[in-house]
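Enquirer: Residues in the sequence shown are numbered from 3 upward in steps of one, following this note's numbering.
All residues carry an ideal CB built from backbone N, CA and C; glycine is no exception.
Please read all numbers here as calculations on a predicted model, not as lab measurements.
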Amino acid sequence: MFLLSDDLPNIMAKIKAVDGYDLQPLMDQYDLSYAEAAAYNRWLFLMWKGAETDFLLLGASERWEHTIRNAARWPDQKIYMQGAFAPESAIYNKEFAAYVRGVIETMP
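(1) May I ask you to report which of helix, strand or coil DSSP gives Ile106?
(2) Is the region 95–107 touching the region 61–72, taking contact as three or more C-beta pairs under 8 Å?
(3) Measure from the alpha carbon of Gly61 to the alpha carbon of each residue in Asp9, Asn95, Leu25, then state which is nearest.
(4) What did DSSP end up calling Arg71 once you bin it into helix, strand or coil?
(5) Applying the criterion that 16 or more other CB atoms from any shown protein chain within 10 Å of the CB defines a buried residue, is Asn72 buried or exposed?
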């Protein structure tokens, strides 16, 4: 299956290199190749898309606050979240992105 192909990270890396998506922070922090960073970034995207769907269906909750706070404590998640949930980003639903930013901003 193409989606599980070993070629997909390399293809994604080429596309993201042209699109200008900045994976350099992940590459620098974890000594990843561009293809590795692109593949990991895609995994994080899918994980957070699932969270977004749950949020849109079920709304805000203590469970979501706890989940977001736990995720934001990990450096890899923090790097991803800073870009993906930035106000100018259009990756996620605006309400969900604002909620995630709001939870992160209240962290010590």
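Expert: Taking the geometry as given:
(1) The three-state secondary structure of Ile106, taken from DSSP, is helix.
(2) As far as the Cβ criterion goes, the region 95–107 touches the region 61–72, which means the pair count is three or higher.
(3) The candidate whose alpha carbon is nearest that of Gly61 is Asn95.
(4) Annotated three-state conformation of Arg71 is helix, per DSSP.
(5) That one is exposed.
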